[in-house]
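Numbering (this note's numbering), first residue to last: 2 to 178.
Built from N, CA and C at the ideal position, the CB exists for glycine as well.
Owing to the predicted nature of the structure, the values given are computational and were not obtained by experimental measurement.
What follows is one structure encoded as structure tokens, with my remarks underneath.
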């Protein structure tokens with residue numbers, strides 16, 4: 002059995018988990034999230050802990066038990082603490098400005114780029130060259146961060162562009178005569 006799948010998910014106080022035949026729902030202070038349940042994984046709840054067991058001995062059921070466990074764990078962490086991604090803008094004149102649920106970027110194009118944030122994602126700009134995304138759904142926060150980064154990905158010669166705060170860019174050497 003999957004090593005991750007063996008570990009139970011602890012449910013902290015203030016988090017409500019409901020298991021139905023086709024869906025697992027998690028509600029907490031940070032919001033409410035739901036996940037479609039797979040028939041190859043049996044989910045049991047006892048004494049504030051969720052356990053995930055493969056329904057049969059197939060490899061797929063074993064793999065899905067670990068995946069389901071981690072997805073539910075991410076939902077529990079998301080509604081309690083939330084997830085955060087930081088992006089940095091590198092380049093002369095590159096700046097970002099958050100206006101409610103909109104992000105305005107000036108990243109070297111002839112026009113400003115406006116990005117609308119989906120529901121459940123908040124964006125802040127502590128400095129003009131820093132973007133902080135927060136939300137309860139880990140997948141959605143990561144996807145929005147990837148979409149913002151794709152507007153102007155870092156280029157390999159000067160390193161200009163939008164990058165994750167922990168991302169290291171390998172700078173290429175220019176052509177020599």
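{"query": "What's the C-alpha gap between residue 139 and residue 177?", "result": "44 Å"}
{"query": "So residue 9 and residue 51 are in contact, right, with Cβ under 8 Å, and what is the actual spacing, rounded?", "result": "6 Å"}
{"query": "Identify the residues that DSSP records as bridge partners of residue 37: which are they?", "result": "24"}
{"query": "Should residue 56 and residue 42 be called a contact, given that it needs their Cβ atoms to be closer than 9 Å?", "result": "yes"}
{"query": "Can you give me the start and stop residues for the beta strand (DSSP E) that residue 68 sits inside?", "result": "From DSSP, residue 68 is part of no beta strand (DSSP E) but of the alpha helix (DSSP H) over 60-81."}
{"query": "Starting from the C-beta of residue 26, find all residues in its chain whose C-beta is less than 6 Å away, skip the five residues before and the five after it, and write them out in chain order.", "result": "19, 35"}
{"query": "Which residue wins for smallest C-alpha separation from residue 39, given the options 28, 46, 67, 16?", "result": "67"}
{"query": "Counting C-beta neighbours from all protein chains within 10 Å, is the total for residue 101 16 or more, i.e. buried, or is it exposed?", "result": "exposed"}
{"query": "From this set, 97, 170, 165, which residue's C-alpha is nearest residue 87's C-alpha?", "result": "165"}
{"query": "Look up residue 16 in the DSSP assignment and say whether it is helix, strand or coil.", "result": "coil"}
{"query": "Which whole-angstrom value describes the C-beta separation of residue 104 and residue 116, a residue pair presumed to lie in contact below a C-beta threshold of 8 Å?", "result": "5 Å"}
{"query": "Where residue 21 and residue 150 are concerned, what is the direct C-alpha to C-alpha distance, given to the nearest angstrom?", "result": "37 Å"}
{"query": "In terms of residues, what are the limits of the alpha helix (DSSP H) holding residue 50?", "result": "Premise fails: residue 50 lies in the beta strand (DSSP E), 50-55, not in any alpha helix (DSSP H)."}
{"query": "Excluding five sequence neighbours on each side, which residues of the same chain lie with their C-beta closer than 6 Å to the C-beta of residue 6?", "result": "53, 66, 67, 70"}
{"query": "First and last residue of the alpha helix (DSSP H) that includes residue 31?", "result": "Taken as a continuous stretch (DSSP letters only), residue 31 belongs to no alpha helix (DSSP H), as it is neither H nor E."}
{"query": "Indicate whether residue 135 and residue 128 have their beta-carbon atoms separated by less than 9 Å.", "result": "no"}
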